[in-house]
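Trainee:
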Amino acid sequence: MNWKSLLANSAAAFQAYLGVGTVPQFNDTRVAVIGAGAAGSSFAYHLSQYNPEMNITIYEKNDYIGGRVKTIEIDGETFEQGGSIFVATNSILSDAAREFNFTTDIANNVKDDYDLGVWDGSGFVFELPRTNKYLQLLYLVRSFGLAPYWANRLKEEEVGKFLNLYSEQFFPFEDLQSAAAEAGIEPLFANWTSASEYFANNSISQKYQSQIIEALTRVNYATDLHTIHPLAALVCLEAQSKSYAVEGGNNRIFQEFVKRSNANVLLDRSVDVIAKIGDKWSVDGEYYDYVVLATPWAHSTINVYPAITIPKVDYTELHVTHVVSPIPAQYNFFGSQKTYEQLVTLPSNNSIPITSIGHARVTKNGNHVYKLFSYERLSDEYLTQILGIPLSGVWRKQWYSYPVMAPTPELARIEVAENLFYTSGMDPFISTMETNALAGKNVARLIADRKSN
(Lines of atoms letter the chains of each structure in order from A and count residues from 1; the text may use other names and numbers.)
(Lines give C-alpha, C1' and ligand atoms only; values in the text may rest on other atoms or scores of the structure.)
Protein backbone atom coordinates (compact mmCIF):
# COMPACT_ATOMS: atom_id res chain seq x y z
CA MET A 1 0.00 0.00 0.00
CA ASN A 2 1.40 3.41 -0.93
CA TRP A 3 1.33 6.59 1.16
CA LYS A 4 -1.66 8.02 -0.76
CA SER A 5 -3.78 5.02 0.20
CA LEU A 6 -2.61 5.29 3.78
CA LEU A 7 -3.51 8.96 3.91
CA ALA A 8 -6.91 8.18 2.52
CA ASN A 9 -7.49 5.70 5.36
CA SER A 10 -6.27 7.62 8.39
CA ALA A 11 -3.52 9.72 9.87
CA ALA A 12 -2.78 6.87 12.28
CA ALA A 13 -2.11 4.49 9.39
CA PHE A 14 0.19 7.02 7.79
CA GLN A 15 1.94 7.50 11.12
CA ALA A 16 2.53 3.73 11.28
CA TYR A 17 3.81 3.80 7.68
CA LEU A 18 6.38 6.41 8.74
CA GLY A 19 7.48 4.12 11.54
CA VAL A 20 6.45 6.50 14.29
CA GLY A 21 4.61 5.07 17.30
CA THR A 22 3.92 8.39 18.94
CA VAL A 23 4.27 11.92 17.68
CA PRO A 24 7.61 13.24 18.98
CA GLN A 25 7.66 16.24 21.29
CA PHE A 26 10.49 18.77 21.22
CA ASN A 27 12.06 21.14 23.69
CA ASP A 28 12.32 23.75 20.94
CA THR A 29 9.89 25.08 18.32
CA ARG A 30 10.53 23.60 14.89
CA VAL A 31 9.53 25.32 11.67
CA ALA A 32 9.76 24.00 8.10
CA VAL A 33 9.90 26.37 5.12
CA ILE A 34 9.19 24.95 1.67
CA GLY A 35 11.02 27.18 -0.82
CA ALA A 36 14.05 29.47 -0.54
CA GLY A 37 12.92 32.26 -2.83
CA ALA A 38 12.15 35.82 -1.80
CA ALA A 39 9.28 34.76 0.49
CA GLY A 40 10.92 31.73 2.10
CA SER A 41 14.27 33.40 2.73
CA SER A 42 12.59 36.55 4.05
CA PHE A 43 10.45 34.43 6.36
CA ALA A 44 13.47 32.58 7.77
CA TYR A 45 15.45 35.76 8.31
CA HIS A 46 12.67 37.76 9.94
CA LEU A 47 11.53 34.87 12.13
CA SER A 48 15.09 34.54 13.40
CA GLN A 49 15.00 38.26 14.20
CA TYR A 50 11.63 38.09 15.97
CA ASN A 51 12.45 34.89 17.87
CA PRO A 52 16.05 33.61 17.69
CA GLU A 53 15.08 30.42 19.55
CA MET A 54 13.10 29.00 16.62
CA ASN A 55 14.62 25.95 14.88
CA ILE A 56 14.17 26.56 11.14
CA THR A 57 14.65 24.08 8.30
CA ILE A 58 14.43 25.19 4.66
CA TYR A 59 13.56 22.72 1.90
CA GLU A 60 14.49 23.93 -1.59
CA LYS A 61 14.01 21.81 -4.71
CA ASN A 62 16.63 23.76 -6.68
CA ASP A 63 20.37 23.77 -6.09
CA TYR A 64 20.41 27.51 -5.33
CA ILE A 65 18.75 30.09 -3.08
CA GLY A 66 16.62 32.78 -4.68
CA GLY A 67 13.74 31.04 -6.45
CA ARG A 68 12.66 33.29 -9.32
CA VAL A 69 15.70 35.50 -8.69
CA LYS A 70 18.67 33.97 -10.48
CA THR A 71 21.81 35.20 -12.20
CA ILE A 72 24.10 34.16 -15.01
CA GLU A 73 27.66 35.24 -15.80
CA ILE A 74 28.59 36.80 -19.13
CA ASP A 75 32.10 38.10 -19.77
CA GLY A 76 32.79 37.68 -16.06
CA GLU A 77 29.88 39.98 -15.15
CA THR A 78 26.55 39.18 -13.49
CA PHE A 79 23.20 39.48 -15.27
CA GLU A 80 19.72 38.84 -13.90
CA GLN A 81 17.63 36.05 -15.43
CA GLY A 82 14.79 36.61 -12.98
CA GLY A 83 13.72 39.48 -10.73
CA SER A 84 15.82 42.39 -11.92
CA ILE A 85 15.04 45.63 -10.10
CA PHE A 86 13.49 47.19 -7.04
CA VAL A 87 12.62 50.78 -6.18
CA ALA A 88 13.17 53.00 -3.14
CA THR A 89 9.68 52.35 -1.76
CA ASN A 90 10.54 48.63 -1.61
CA SER A 91 11.67 49.05 1.97
CA ILE A 92 12.41 45.40 2.83
CA LEU A 93 14.86 45.01 -0.05
CA SER A 94 16.26 48.53 0.26
CA ASP A 95 16.81 48.19 4.00
CA ALA A 96 18.38 44.76 3.61
CA ALA A 97 20.77 45.92 0.89
CA ARG A 98 21.79 48.82 3.10
CA GLU A 99 22.21 46.64 6.19
CA PHE A 100 24.25 44.09 4.25
CA ASN A 101 26.44 46.84 2.70
CA PHE A 102 25.57 45.85 -0.84
CA THR A 103 26.17 48.28 -3.70
CA THR A 104 22.88 48.98 -5.47
CA ASP A 105 23.18 52.18 -7.52
CA ILE A 106 24.44 50.65 -10.76
CA ALA A 107 24.56 52.96 -13.76
CA ASN A 108 23.69 51.68 -17.22
CA ASN A 109 26.59 52.33 -19.60
CA VAL A 110 24.74 51.94 -22.92
CA LYS A 111 24.61 54.88 -25.33
CA ASP A 112 21.62 54.27 -27.56
CA ASP A 113 19.79 56.92 -29.59
CA TYR A 114 16.56 56.45 -27.62
CA ASP A 115 15.73 55.37 -24.09
CA LEU A 116 12.48 53.82 -25.29
CA GLY A 117 10.91 52.72 -28.55
CA VAL A 118 7.34 51.40 -28.73
CA TRP A 119 6.55 49.31 -31.81
CA ASP A 120 2.98 48.38 -32.73
CA GLY A 121 3.66 45.79 -35.42
CA SER A 122 3.93 48.20 -38.32
CA GLY A 123 6.14 50.98 -36.97
CA PHE A 124 7.27 52.94 -33.94
CA VAL A 125 4.34 54.82 -32.41
CA PHE A 126 6.49 56.43 -29.72
CA GLU A 127 10.19 57.09 -29.22
CA LEU A 128 11.69 58.77 -26.15
CA PRO A 129 14.99 60.46 -27.01
CA ARG A 130 18.03 59.98 -24.78
CA THR A 131 18.40 63.32 -23.04
CA ASN A 132 18.03 64.79 -19.54
CA LYS A 133 14.88 64.07 -17.53
CA TYR A 134 13.52 67.62 -17.84
CA LEU A 135 13.60 67.57 -21.64
CA GLN A 136 12.09 64.10 -21.55
CA LEU A 137 9.27 65.43 -19.38
CA LEU A 138 8.60 68.21 -21.87
CA TYR A 139 8.60 65.65 -24.66
CA LEU A 140 6.03 63.53 -22.79
CA VAL A 141 3.81 66.56 -22.19
CA ARG A 142 4.01 67.52 -25.84
CA SER A 143 3.08 63.95 -26.84
CA PHE A 144 0.43 63.17 -24.23
CA GLY A 145 -0.62 66.42 -22.61
CA LEU A 146 -1.32 66.09 -18.88
CA ALA A 147 -2.05 62.34 -19.02
CA PRO A 148 1.36 61.46 -17.46
CA TYR A 149 0.63 63.82 -14.56
CA TRP A 150 -2.84 62.43 -13.86
CA ALA A 151 -1.68 58.83 -14.20
CA ASN A 152 1.13 59.55 -11.75
CA ARG A 153 -1.38 61.11 -9.33
CA LEU A 154 -3.44 57.92 -9.46
CA LYS A 155 -0.33 55.84 -8.89
CA GLU A 156 0.83 57.91 -5.92
CA GLU A 157 -2.58 57.71 -4.27
CA GLU A 158 -3.14 53.99 -4.72
CA VAL A 159 0.43 52.81 -4.11
CA GLY A 160 0.35 54.94 -0.97
CA LYS A 161 -2.65 52.93 0.22
CA PHE A 162 -0.75 49.70 -0.46
CA LEU A 163 2.25 50.94 1.53
CA ASN A 164 -0.06 51.27 4.54
CA LEU A 165 0.10 47.47 4.77
CA TYR A 166 3.61 47.92 6.23
CA SER A 167 2.29 50.14 9.03
CA GLU A 168 1.40 49.07 12.57
CA GLN A 169 -2.26 49.62 11.69
CA PHE A 170 -2.19 46.59 9.39
CA PHE A 171 1.01 44.63 9.97
CA PRO A 172 0.99 41.76 10.56
CA PHE A 173 -2.18 40.92 8.66
CA GLU A 174 -3.91 37.58 9.12
CA ASP A 175 -5.86 37.89 5.88
CA LEU A 176 -4.50 39.74 2.84
CA GLN A 177 -7.89 40.27 1.21
CA SER A 178 -9.35 41.81 4.36
CA ALA A 179 -6.30 44.02 4.86
CA ALA A 180 -6.47 45.19 1.24
CA ALA A 181 -10.17 45.95 1.64
CA GLU A 182 -9.53 47.97 4.79
CA ALA A 183 -6.68 49.82 3.07
CA GLY A 184 -9.05 50.71 0.23
CA ILE A 185 -7.31 48.85 -2.61
CA GLU A 186 -9.38 45.68 -2.95
CA PRO A 187 -11.43 47.05 -5.89
CA LEU A 188 -8.18 47.55 -7.84
CA PHE A 189 -7.55 43.81 -8.12
CA ALA A 190 -10.98 42.33 -7.50
CA ASN A 191 -13.72 44.54 -9.02
CA TRP A 192 -12.50 46.21 -12.20
CA THR A 193 -12.66 44.10 -15.35
CA SER A 194 -9.27 45.42 -16.53
CA ALA A 195 -6.74 48.21 -16.14
CA SER A 196 -7.84 49.73 -19.44
CA GLU A 197 -11.38 50.17 -18.06
CA TYR A 198 -9.97 51.70 -14.87
CA PHE A 199 -7.74 54.22 -16.63
CA ALA A 200 -10.49 55.18 -19.07
CA ASN A 201 -12.84 55.74 -16.15
CA ASN A 202 -10.20 58.06 -14.65
CA SER A 203 -9.90 60.07 -17.90
CA ILE A 204 -6.42 58.83 -18.87
CA SER A 205 -6.18 59.17 -22.66
CA GLN A 206 -6.26 56.06 -24.80
CA LYS A 207 -3.06 57.20 -26.50
CA TYR A 208 -1.12 57.34 -23.23
CA GLN A 209 -2.61 54.04 -22.13
CA SER A 210 -1.65 52.20 -25.30
CA GLN A 211 1.75 53.75 -25.92
CA ILE A 212 3.18 54.12 -22.41
CA ILE A 213 1.22 52.27 -19.72
CA GLU A 214 0.77 49.16 -21.84
CA ALA A 215 4.45 49.25 -22.74
CA LEU A 216 5.20 49.16 -19.02
CA THR A 217 2.82 46.28 -18.29
CA ARG A 218 4.34 44.27 -21.13
CA VAL A 219 7.87 44.84 -19.85
CA ASN A 220 7.03 44.09 -16.22
CA TYR A 221 4.31 41.43 -16.52
CA ALA A 222 4.23 40.45 -20.22
CA THR A 223 0.51 41.29 -20.03
CA ASP A 224 -1.74 43.68 -21.92
CA LEU A 225 -3.91 46.43 -20.43
CA HIS A 226 -7.15 44.68 -21.32
CA THR A 227 -6.02 41.67 -19.22
CA ILE A 228 -4.10 43.04 -16.24
CA HIS A 229 -5.82 44.37 -13.14
CA PRO A 230 -5.42 48.08 -12.23
CA LEU A 231 -3.28 47.58 -9.13
CA ALA A 232 -0.63 45.64 -11.07
CA ALA A 233 -0.66 48.30 -13.81
CA LEU A 234 -0.16 51.05 -11.21
CA VAL A 235 2.77 49.10 -9.77
CA CYS A 236 4.27 49.13 -13.28
CA LEU A 237 4.02 52.93 -13.23
CA GLU A 238 5.87 52.89 -9.90
CA ALA A 239 8.66 50.96 -11.65
CA GLN A 240 9.31 54.13 -13.68
CA SER A 241 10.89 55.55 -10.53
CA LYS A 242 14.63 55.30 -10.03
CA SER A 243 15.37 51.60 -9.86
CA TYR A 244 18.08 49.63 -8.10
CA ALA A 245 19.78 46.27 -8.44
CA VAL A 246 22.36 44.62 -6.23
CA GLU A 247 25.84 44.45 -7.68
CA GLY A 248 26.62 40.78 -8.15
CA GLY A 249 22.94 39.77 -8.25
CA ASN A 250 19.74 40.50 -6.35
CA ASN A 251 19.78 36.93 -5.04
CA ARG A 252 22.59 38.00 -2.73
CA ILE A 253 19.90 39.56 -0.52
CA PHE A 254 18.07 36.25 -0.21
CA GLN A 255 21.28 34.28 0.28
CA GLU A 256 22.18 36.65 3.10
CA PHE A 257 18.69 36.32 4.58
CA VAL A 258 19.18 32.56 4.76
CA LYS A 259 22.72 32.81 6.09
CA ARG A 260 21.73 35.16 8.90
CA SER A 261 18.70 33.06 9.82
CA ASN A 262 21.00 30.16 10.84
CA ALA A 263 18.46 27.83 9.26
CA ASN A 264 19.23 24.25 8.31
CA VAL A 265 19.21 24.45 4.51
CA LEU A 266 18.39 21.43 2.36
CA LEU A 267 19.06 22.22 -1.31
CA ASP A 268 18.07 19.85 -4.12
CA ARG A 269 15.38 18.59 -1.79
CA SER A 270 11.84 18.29 -3.09
CA VAL A 271 8.97 17.67 -0.69
CA ASP A 272 6.41 14.98 -1.48
CA VAL A 273 4.02 14.83 1.50
CA ILE A 274 2.97 17.22 4.24
CA ALA A 275 0.57 15.63 6.72
CA LYS A 276 -1.02 16.67 10.01
CA ILE A 277 -0.16 14.02 12.62
CA GLY A 278 -1.48 14.80 16.07
CA ASP A 279 -0.46 18.35 16.95
CA LYS A 280 2.50 18.35 14.53
CA TRP A 281 3.03 18.56 10.80
CA SER A 282 5.04 15.84 9.10
CA VAL A 283 7.19 16.90 6.14
CA ASP A 284 8.28 13.67 4.46
CA GLY A 285 8.48 12.07 7.89
CA GLU A 286 10.19 14.93 9.75
CA TYR A 287 8.03 16.65 12.37
CA TYR A 288 7.47 20.37 12.84
CA ASP A 289 5.28 22.70 14.85
CA TYR A 290 4.73 25.05 11.92
CA VAL A 291 5.08 24.67 8.15
CA VAL A 292 5.29 27.51 5.65
CA LEU A 293 4.55 26.87 1.97
CA ALA A 294 6.68 29.55 0.30
CA THR A 295 6.24 28.36 -3.26
CA PRO A 296 3.40 28.89 -5.78
CA TRP A 297 0.79 26.18 -5.33
CA ALA A 298 -0.03 26.27 -9.05
CA HIS A 299 3.20 24.42 -9.88
CA SER A 300 3.62 22.40 -6.73
CA THR A 301 3.50 18.60 -6.69
CA ILE A 302 3.29 18.47 -2.89
CA ASN A 303 0.44 16.43 -1.43
CA VAL A 304 -1.07 17.83 1.75
CA TYR A 305 -3.25 15.89 4.20
CA PRO A 306 -5.84 16.90 5.17
CA ALA A 307 -6.34 18.51 1.77
CA ILE A 308 -6.15 22.29 1.57
CA THR A 309 -7.99 24.66 -0.75
CA ILE A 310 -6.05 27.34 -2.60
CA PRO A 311 -7.68 29.35 -5.43
CA LYS A 312 -6.42 28.48 -8.91
CA VAL A 313 -3.94 31.01 -10.31
CA ASP A 314 -2.69 30.97 -13.91
CA TYR A 315 0.98 31.87 -14.36
CA THR A 316 2.66 33.33 -17.43
CA GLU A 317 5.13 31.13 -19.24
CA LEU A 318 7.98 33.55 -19.90
CA HIS A 319 11.18 32.92 -21.83
CA VAL A 320 14.15 35.09 -20.87
CA THR A 321 16.97 35.20 -23.41
CA HIS A 322 20.32 36.91 -23.04
CA VAL A 323 22.34 37.52 -26.18
CA VAL A 324 25.91 38.80 -26.42
CA SER A 325 27.43 40.31 -29.55
CA PRO A 326 30.51 42.38 -30.36
CA ILE A 327 28.36 45.02 -32.08
CA PRO A 328 25.12 46.83 -31.14
CA ALA A 329 21.77 45.64 -32.46
CA GLN A 330 20.60 46.75 -35.89
CA TYR A 331 16.82 47.07 -35.89
CA ASN A 332 16.17 46.79 -39.62
CA PHE A 333 13.57 44.12 -38.86
CA PHE A 334 11.54 46.81 -37.10
CA GLY A 335 12.07 49.32 -39.89
CA SER A 336 14.46 51.56 -37.97
CA GLN A 337 18.07 52.65 -38.33
CA LYS A 338 18.13 53.86 -34.70
CA THR A 339 19.09 52.08 -31.49
CA TYR A 340 17.00 51.73 -28.30
CA GLU A 341 17.85 50.97 -24.71
CA GLN A 342 14.38 49.45 -24.38
CA LEU A 343 12.24 48.31 -27.31
CA VAL A 344 8.71 47.23 -26.42
CA THR A 345 6.22 45.60 -28.74
CA LEU A 346 2.48 46.22 -28.45
CA PRO A 347 -0.18 43.58 -29.15
CA SER A 348 -1.09 43.62 -32.81
CA ASN A 349 -1.85 41.39 -35.75
CA ASN A 350 1.89 40.86 -36.03
CA SER A 351 2.79 37.40 -34.80
CA ILE A 352 6.07 38.41 -33.13
CA PRO A 353 6.32 36.52 -29.80
CA ILE A 354 8.64 39.08 -28.17
CA THR A 355 7.29 41.57 -25.63
CA SER A 356 10.50 43.55 -25.09
CA ILE A 357 14.19 43.83 -25.93
CA GLY A 358 16.50 45.57 -23.48
CA HIS A 359 20.10 46.69 -24.07
CA ALA A 360 21.28 45.45 -20.69
CA ARG A 361 24.90 46.57 -20.68
CA VAL A 362 28.19 46.86 -22.53
CA THR A 363 30.64 44.59 -20.74
CA LYS A 364 34.16 45.60 -19.80
CA ASN A 365 35.29 43.52 -22.78
CA GLY A 366 33.22 45.75 -25.06
CA ASN A 367 30.48 43.21 -25.84
CA HIS A 368 26.83 44.22 -26.05
CA VAL A 369 24.38 42.19 -23.94
CA TYR A 370 20.67 42.17 -24.79
CA LYS A 371 17.84 40.73 -22.69
CA LEU A 372 14.66 39.60 -24.44
CA PHE A 373 11.31 38.57 -22.96
CA SER A 374 9.10 36.33 -25.07
CA TYR A 375 6.20 33.90 -24.87
CA GLU A 376 8.17 31.11 -26.55
CA ARG A 377 11.72 29.90 -27.05
CA LEU A 378 13.67 32.00 -29.56
CA SER A 379 16.02 30.14 -31.90
CA ASP A 380 19.48 31.44 -32.73
CA GLU A 381 18.34 32.05 -36.30
CA TYR A 382 15.37 34.12 -35.19
CA LEU A 383 17.49 36.12 -32.75
CA THR A 384 19.94 36.94 -35.52
CA GLN A 385 17.05 38.05 -37.74
CA ILE A 386 15.46 40.23 -35.03
CA LEU A 387 18.64 41.85 -33.74
CA GLY A 388 20.54 41.98 -37.03
CA ILE A 389 23.84 41.02 -35.40
CA PRO A 390 26.15 38.01 -35.04
CA LEU A 391 25.69 36.09 -31.81
CA SER A 392 28.71 35.34 -29.63
CA GLY A 393 26.60 33.57 -27.01
CA VAL A 394 23.00 32.88 -25.99
CA TRP A 395 21.60 32.08 -22.52
CA ARG A 396 18.00 30.91 -22.12
CA LYS A 397 15.71 30.44 -19.13
CA GLN A 398 12.04 29.45 -19.03
CA TRP A 399 10.00 30.62 -16.07
CA TYR A 400 6.47 30.54 -14.80
CA SER A 401 7.45 33.97 -13.70
CA TYR A 402 4.33 35.62 -12.31
CA PRO A 403 0.56 35.30 -12.56
CA VAL A 404 -1.26 36.61 -15.61
CA MET A 405 -2.36 39.35 -13.17
CA ALA A 406 -5.98 39.26 -14.30
CA PRO A 407 -8.62 40.59 -11.88
CA THR A 408 -8.75 38.27 -8.88
CA PRO A 409 -11.90 38.24 -6.75
CA GLU A 410 -10.46 35.81 -4.20
CA LEU A 411 -6.96 35.67 -2.73
CA ALA A 412 -5.65 32.61 -0.95
CA ARG A 413 -5.80 32.53 2.81
CA ILE A 414 -2.50 33.02 4.62
CA GLU A 415 -3.14 30.25 7.16
CA VAL A 416 -4.57 27.47 5.01
CA ALA A 417 -4.77 25.03 7.93
CA GLU A 418 -3.88 25.29 11.59
CA ASN A 419 -0.15 26.18 11.77
CA LEU A 420 0.22 25.67 8.00
CA PHE A 421 0.88 28.95 6.21
CA TYR A 422 1.00 29.99 2.55
CA THR A 423 2.83 33.04 1.17
CA SER A 424 2.05 32.97 -2.55
CA GLY A 425 -1.44 34.38 -2.14
CA MET A 426 0.49 37.61 -2.55
CA ASP A 427 1.39 36.78 -6.17
CA PRO A 428 -1.94 37.54 -7.94
CA PHE A 429 -2.27 40.67 -5.77
CA ILE A 430 1.15 42.16 -6.57
CA SER A 431 3.95 39.93 -7.80
CA THR A 432 7.40 41.42 -7.10
CA MET A 433 10.49 40.47 -5.13
CA GLU A 434 9.47 42.99 -2.49
CA THR A 435 5.89 41.81 -2.04
CA ASN A 436 7.02 38.18 -1.78
CA ALA A 437 9.54 39.28 0.86
CA LEU A 438 6.68 41.10 2.62
CA ALA A 439 4.56 37.94 2.53
CA GLY A 440 7.37 36.00 4.20
CA LYS A 441 8.00 38.68 6.81
CA ASN A 442 4.28 38.84 7.58
CA VAL A 443 4.02 35.10 8.26
CA ALA A 444 7.17 35.28 10.40
CA ARG A 445 5.55 37.93 12.56
CA LEU A 446 2.28 35.98 12.81
CA ILE A 447 4.11 32.88 14.05
CA ALA A 448 6.35 34.86 16.40
CA ASP A 449 3.33 36.64 17.89
CA ARG A 450 1.45 33.36 18.29
CA LYS A 451 4.39 31.75 20.02
CA SER A 452 4.81 34.66 22.43
CA ASN A 453 1.14 34.74 23.45
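Take the numbering used here: the final residue in the sequence shown is number 467, and no numbers are missing along the way. The C-beta atom is built at its ideal place from N, Cα and C for all residues, glycine as well. Predicted, not measured: the structure shown is a model, and the values here were computed from it.
1) Can we say the stretch 313-329 touches the stretch 385-405, given the rule of at least three CB pairs closer than 8 Å?
2) Kindly indicate which three-state DSSP category residue 193 falls into: helix, strand or coil?
3) Helix, strand or coil, according to DSSP, for residue 109 in the structure here?
4) Skipping 5 residues on each side, what residues in its chain have a beta carbon closer than 6 Å to that of residue 439?
5) According to DSSP, which residues form a beta bridge with residue 240?
6) Quick check: residue 435 and residue 306, are their CB atoms within less than 8 Å of each other?
7) In the stretch 93-160, which residue ranges form an unbroken alpha helix (DSSP H) of at least 4 residues, counting only runs that do not cross its ends?
8) What are the boundary residues of the alpha helix (DSSP H) that residue 55 is part of?
9) If residue 165 and residue 222 are in contact, beta carbons under 8 Å, what's the gap, nearest whole angstrom?
10) Which residue wins for smallest C-alpha separation from residue 96, given the options 170, 331 and 353?
11) Could you check what DSSP says for residue 307 in three-state terms: helix, strand or coil?
12) Return yes when the Cβ of residue 44 is within less than 8 Å of the Cβ of residue 65, no when it is not.
13) Exposed or buried, which one is residue 81 when buried takes at least 16 other CB atoms within 10 Å?
14) Can you list, in chain order, the residues of its chain whose CB lies under 6 Å from that of residue 455, leaving out five sequence neighbours each side?
15) How many angstroms separate the CA atom of residue 200 from the CA atom of residue 110?
16) Taking DSSP as the reference, what is the three-state secondary structure of residue 39?
17) Express the C-alpha separation of residue 287 and residue 22 in angstroms, rounding to a whole number.
18) Do three or more CB pairs link the stretch 332-349 to the stretch 397-413 at distances below 8 Å?
19) Is there contact between the stretch 138-157 and the stretch 291-300, where contact requires at least three CB pairs shorter than 8 Å?
20) Which residues in the same chain as residue 210 place their Cβ atom closer than 7 Å to its Cβ, once the five residues preceding and following it in sequence are excluded?
21) How would you label residue 147, buried or exposed, when you count the other beta carbons within 10 angstroms and need 16 or more for buried?
22) Closest to residue 263 by CA distance: which of 467, 38, 47 and 93 is it?
23) Is residue 397 near residue 383, with beta carbons less than 8 Å apart?
24) Per the DSSP calculation, residue 375 is bridged to which residue(s)?
25) Is it buried or exposed for residue 149, if we count other Cβ within 10 angstroms and need 16 for buried?
26) Kindly identify the DSSP beta-bridge partner or partners of residue 410.
27) With a threshold of 7 Å on Cβ separation, who are the neighbours of residue 447 within its own chain once the five nearest residues in sequence on each side are excluded?
28) Residues in its own chain within less than 6 Å of residue 353 by CB, not counting five upstream and five downstream?
29) At what residues does the beta strand (DSSP E) containing residue 401 begin and finish?
30) Among 40, 36, 295 and 49, which one has its Cα closest to the Cα of residue 310?
31) Using 10 angstroms around the beta-carbon of residue 40, count the other beta-carbons present and answer buried if the total reaches 16, otherwise exposed.
32) With which residues is residue 435 paired in a DSSP beta bridge?
33) Using a Cβ-Cβ cutoff of less than 7 Å, which residues in the same chain neighbour residue 144 once the five nearest sequence positions on both sides are dropped?
34) According to DSSP, is residue 204 helix, strand or coil?
35) Secondary structure at residue 319, three-state DSSP: helix, strand or coil?
Mentor: In brief:
1) With fewer than three CB-CB distances shorter than 8 Å, the stretch 313-329 does not count as touching the stretch 385-405.
2) In the sequence shown, counting from the first residue as 1, residue 193 sits at position 179. Of the three classes helix, strand and coil, the one that applies to residue 193 here is helix, per DSSP.
3) By one-based count along the sequence shown, residue 109 stands at place 95. Reduced to three states, the DSSP call for residue 109 is helix.
4) Taking the first residue of the sequence shown as 1, we reach residue 439 at position 425. Closer than 6 Å at Cβ, skipping near neighbours: 190, 425 and 426.
5) Counting from one through the sequence shown, the residue named residue 240 turns up at place 226. Per DSSP, none; premise fails for residue 240.
6) Taking the sequence shown and counting its residues from 1, one reaches residue 435 at position 421. Taking the sequence shown and counting its residues from 1, one reaches residue 306 at position 292. It is a contact, given that the beta carbons lie within the stated cut-off.
7) Runs found: 105-113 and 147-158.
8) Position 41 of the sequence shown, counted from the first residue, corresponds to residue 55. It spans 52-64 - the alpha helix (DSSP H) in which residue 55 sits, taken as one unbroken run.
9) Against the sequence shown, residue 165 aligns to sequence position 151. Against the sequence shown, residue 222 aligns to sequence position 208. Their Cβ separation, rounded to whole angstroms, is 7 Å, which keeps residue 165 and residue 222 in contact under 8 Å.
10) The residue labelled residue 96 in the question sits at position 82 within the sequence shown. Taking only the C-alpha atoms, the option nearest residue 96 is 331.
11) On the sequence shown, residue 307 is found 293 positions in, with the first residue counted as 1. Strand.
12) Looking up residue 65 in the sequence shown gives position 51. Looking up residue 44 in the sequence shown gives position 30. The Cβ-Cβ distance between residue 65 and residue 44 does not fall below 8 Å.
13) What you label residue 81 is simply residue 67 of the sequence shown in a count that begins at 1. Under this definition residue 81 is a buried residue.
14) By 1-based counting over the sequence shown, the position of residue 455 is 441. Cβ within range, chain order: 56 and 60.
15) The residue labelled residue 200 in the question sits at position 186 within the sequence shown. The residue labelled residue 110 in the question sits at position 96 within the sequence shown. Distance between the alpha carbons of residue 200 and residue 110 is about 29 Å.
16) Position 25 of the sequence shown, counted from the first residue, corresponds to residue 39. Three-state DSSP puts residue 39 in coil, outside helix and strand.
17) Reading the sequence shown from its first residue, position 8 is the one you call residue 22. Reading the sequence shown from its first residue, position 273 is the one you call residue 287. Here the model assigns residue 22 a pLDDT of 47, short of 50, so the residue's position is not dependable and the matter cannot be decided.
18) They touch, by the three-pair rule.
19) Fewer than three Cβ pairs drawn from the stretch 138-157 and the stretch 291-300 lie within less than 8 Å of each other, which leaves the two stretches out of contact.
20) In the sequence shown, the residue the question calls residue 210 occupies position 196. 223, 239 and 240, listed in sequence order.
21) Mapped onto the sequence shown, residue 147 falls at position 133. Its Cβ having fewer than 16 others within 10 Å, residue 147 is exposed.
22) As a first step, residue 263 is located in the sequence shown; it is residue number 249 there, counting from the start. Check the Cα spacing between residue 263 and each of 467, 38, 47 and 93: the tightest is with 93.
23) As a first step, residue 397 must be located in the sequence shown, where it is residue number 383. As a first step, residue 383 must be located in the sequence shown, where it is residue number 369. Judged by beta-carbon spacing, residue 383 lies beyond the 8 Å limit of residue 397, meaning their Cβ atoms are not closer than that value.
24) Residue mapping note: residue 375 aligns to position 361 of the sequence shown, counting from 1. Partner(s): 383.
25) Indexing the sequence shown from 1 puts residue 149 at position 135. Residue 149 is exposed by the Cβ-count criterion.
26) Numbered from its first residue, the sequence shown carries residue 410 at position 396. Looking at the DSSP output, residue 410 shares a beta bridge with 335.
27) Stepping through the sequence shown from its first residue, residue 447 is reached at position 433. Closer than 7 Å at the Cβ level, and outside the excluded window around residue 447, lie 52, 83, 97, 100, 107 and 264.
28) Mapped onto the sequence shown, residue 353 falls at position 339. If we look at residue 353 and ignore the five residues flanking it on each side, its Cβ neighbours are 126, 127 and 342.
29) Numbered from its first residue, the sequence shown carries residue 401 at position 387. From DSSP, residue 401 is part of no beta strand (DSSP E) but of the alpha helix (DSSP H) over 394-401.
30) Here residue 310 corresponds to residue number 296 of the sequence shown, with the count starting at 1. Cα-wise, what sits closest to residue 310 is 49.
31) In the sequence shown, residue 40 corresponds to position 26, counting from 1. Classification for residue 40: exposed.
32) Here residue 435 corresponds to residue number 421 of the sequence shown, with the count starting at 1. Residue 435 is bridged to 306 and 429.
33) Within the sequence shown, residue 144 is the residue found at index 130, counting from 1. Hits under 7 Å: 126, 127, 128 and 129.
34) What you label residue 204 is simply residue 190 of the sequence shown in a count that begins at 1. The DSSP-derived three-state label of residue 204 is helix.
35) As a working mapping, residue 319 is identified with position 305 in the sequence shown. Under the three-state reduction of DSSP output, residue 319 falls in the strand class.
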